[in-house]
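Note that the UniProt record's numbering has the sequence shown beginning at 1, numbered continuously upward.
Every residue gets a Cβ at the ideal spot worked out from N, C-alpha and C, and that includes glycine.
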Amino acid sequence: MIDQERDQDKDLNRERDRDRAKELAASRLSLLLKSIQPIGALHLSSLSVPRIIDVTQKAKLFCGYEMGNRTLNSVKWYKDGMEFFRYSPLTPPTTNWFPVKGVTIAEGSSHCNQFICNVELEKLNVHSSGQYRCEVSGDAPEFKLIDKAANMTVGVLPKFDPFITGIRHAYKYRDTLLANCSSEWSSPAARLTWYVNNKTAPLTSLQPQINEITRNIEGFPLYASNLQLRLHIDDQRFISKSEVLELRCSSDIMGLTHLRRTSWMRTTILALKDSGYNQRLTENGNCASARAATLGFWLVCITIFLRWHCTLS
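Shown next as structure tokens:
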């Protein structure tokens, strides 16, 4: 009996030891997770780089980050892998610039702290396009690095809407409508699109887009785009029904909505019966005018003859 009680006590002690070991392991894991969380809290929350910008403007680069309970060691800006700006609050001087082709930082434009680091680029040129990267590092002992990158294109953006030519005021059944849409010089090239009554024109009605190319004094390749619309008016509904067509041409740069420019014009498709009636009215009007002109001619002749006869008498 005594031996059985001793065995039961041993089993209870083993269970207690196992429970204590589990609690100790759970406690250690909890402490480990807590020690890891501050490191994971360091992350780059936002990066803003213009996707495309006109050469005459200034480019604003924005980098936002969260350090958690870590200390910021440095923020660095790169273009195509080459560092051009550094903010290091722990090492004077806190701000440094480095020469990189195509990069000119506007004086007094940089603003950096524990949360953000902004710089503004001016005097953009053909070499300013490229990949821009923001890199943030924490202080010792981890010196953890985080970064994000985005591409920026510097170009020559159009300032005017596309130009539509060739459209008459009216057409009739079986006529052919020819219209041209042209964009001004730009870099990159504009993509033109024709719409007929708010619907994209069918490909069968379009000629291939033509892009003329030249180069300006700053070295940018400039493109002038042209797209022709050719519509054969053969829909039989125009035999008995007239309709107003709205023709619209849009110019897009890199598919960006805020750079889209649009022009539109309207024309009338006369029903066959209406165009015939108008033609008859025109013909009748011409005949009436001709008869009136003939009568007037004879009246003038009679008047001259009577005056001449009176003079002889």
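- How many whole angstroms separate the CB atoms of residue 182 and residue 211, which I take to be in contact at a CB cut-off of 8 Å? About 11 Å; that fails the 8 Å criterion.
- Message: Strictly by DSSP, which residues pair up with residue 152?
- Response: 130
- Task: With DSSP collapsed to three states, give me the class of residue 237.
- Result: helix
- Message: Would you say residue 47 lies against chain D (beta-carbon separation less than 9 Å)?
- Response: Of the protein chains in the structure, only one exists, and it is not chain D.
- Query: Going by the CB atoms, is the gap between residue 250 and residue 195 shorter than 9 Å?
  - Reply: yes
- Item | Length of the line joining the Cα atoms of residue 166 and residue 259 | 25 Å
- Item | Length of the line joining the Cα atoms of residue 243 and residue 207 | 25 Å
- Taking only the alpha-carbon atoms, compute the straight-line gap between residue 171 and residue 149 and give it to the nearest angstrom. 54 Å
- Message: In the DSSP output, what is residue 193 paired with across the bridge?
- Response: 250
- Query: Would you call residue 76 buried or exposed, if buried means 16 or more other Cβ atoms sit within 10 Å of its Cβ?
  - Reply: buried
- Task: Starting from residue 264, trace the beta strand (DSSP E) both ways and give me its first and last residue.
- Result: 261-270
- Message: Quick test of your reading: residue 155 and residue 55, contact by CB under 8 Å. State the CB separation rounded to the nearest angstrom.
- Response: 7 Å
- Message: Suppose the cutoff is 8 Å on Cβ atoms and the five residues either side in sequence are ignored; what does the same chain contact list for residue 35 look like?
- Response: Note on residue 35: pLDDT 45, under 50, position unreliable in the model; no value is reported.
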